[in-house]
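Here this note's numbering is used: the first residue of the sequence shown is 366, the next is one more, and so on.
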Amino acid sequence: MKIIYFSQTGNTEKMANLILEGVQSEAKQAELVEVSAASLDDIKNEEILILGCSAYGSEELDESEMEPFVKSLEGNIQGKKVALFGSWGWGNGEWMTEWEKRMESYGAILISEGLTVQESPEGEDEERCIDFGKLIAK
């Protein structure tokens, strides 16, 4: 299981680490990979792919690193289980809804609704991230 993410301010990275904690609490293994170091080879033998990116611009994925990686998934994730997460600072979460639709159009099987957190995960949001990891690991 890979957790591939893009984080500019550290909020999405913190979410990734909390999700990893949840996965590991279920006695499962996952590897954190920054999207800048990720390739299609990273997902070939994975049953579950966890992707994280915060909302940018007018609620879209980071254009410099995450968008090209996500685009490369088209035709390469048919039948794979996928979970999405990310942080946001404005808007209404439209970027996550669009990302979910896009992954389904690529043939991915979404494990659950995408997890979003406003700004940095604190308190209850930290628990939501850990619980998300537990859900994915089951």
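The beta carbon of each residue, even a glycine, is placed where N, CA and C say it ideally should be.
Notebook entry, point to check: Assuming G479 contacts L449 under a Cβ cut-off of 8 Å, what Cβ separation, rounded to an integer in Å, is found between them?
Noted result: As a first step, residue 479 must be located in the sequence shown, where it is residue number 114. As a first step, residue 449 must be located in the sequence shown, where it is residue number 84. Rounded, the Cβ-Cβ distance is 4 Å, consistent with contact.
Checklist entry - Who are S452's beta bridge partners in DSSP? => result Taking the first residue of the sequence shown as position 1, residue 452 is located at position 87. Partner(s): V482.
Please state the DSSP three-state secondary structure of L414. Taking the first residue of the sequence shown as position 1, residue 414 is located at position 49. If DSSP states are grouped into helix, strand and coil, L414 belongs with the strands.
query = So, are the CB atoms of I369 and C494 less than 8 Å apart?
reply = For the purposes of this step, residue 369 is taken as residue 4 along the sequence shown, with counting starting at 1. For the purposes of this step, residue 494 is taken as residue 129 along the sequence shown, with counting starting at 1. No.
* To do: Provide the residue(s) that pair with E425 in DSSP beta bridges, ordered along the chain.
  => For the purposes of this step, residue 425 is taken as the residue at position 60 of the sequence shown. Paired residues: Y421.
Quiz prompt | Span separating the alpha-carbon of A395 from that of V482 | solution = The residue given as residue 395 occupies position 30 in the sequence shown. The residue given as residue 482 occupies position 117 in the sequence shown. Between A395 and V482, the C-alpha separation is close to 21 Å.
Report task. With DSSP collapsed to three states, give me the class of L475. Result -> On the sequence shown, position 110 is the one that residue 475 refers to. In the structure shown, L475 sits in a strand (DSSP, three-state: E or B).
- request: Please confirm whether I501 and V388 have their CB atoms less than 8 Å apart.
  value: By one-based count along the sequence shown, residue 501 stands at place 136. By one-based count along the sequence shown, residue 388 stands at place 23. Taking 8 Å as the Cβ cut-off, I501 and V388 qualify as a contacting pair.
Would A403 be called buried (16 or more neighbouring beta carbons within 10 Å of its own) or exposed? Here residue 403 refers to the residue found at position 38 when the sequence shown is read from its first residue. A403 comes out buried.
| What do you reckon, are the CB atoms on S401 and S372 nearer than 8 Å? | In the sequence shown, counting from the first residue as 1, residue 401 sits at position 36. In the sequence shown, counting from the first residue as 1, residue 372 sits at position 7. Going by C-beta atoms, S401 is not nearer than 8 Å to S372.
Going by DSSP, what residue range makes up the beta strand (DSSP E) through K367? Taking the sequence shown and counting its residues from 1, one reaches residue 367 at position 2. Here the beta strand (DSSP E) through K367 covers K367 to F371.
| message | Quick check on K379: does DSSP put it in helix, strand or coil? | response | What you label residue 379 is simply residue 14 of the sequence shown in a count that begins at 1. Here K379 sits in helix by DSSP.
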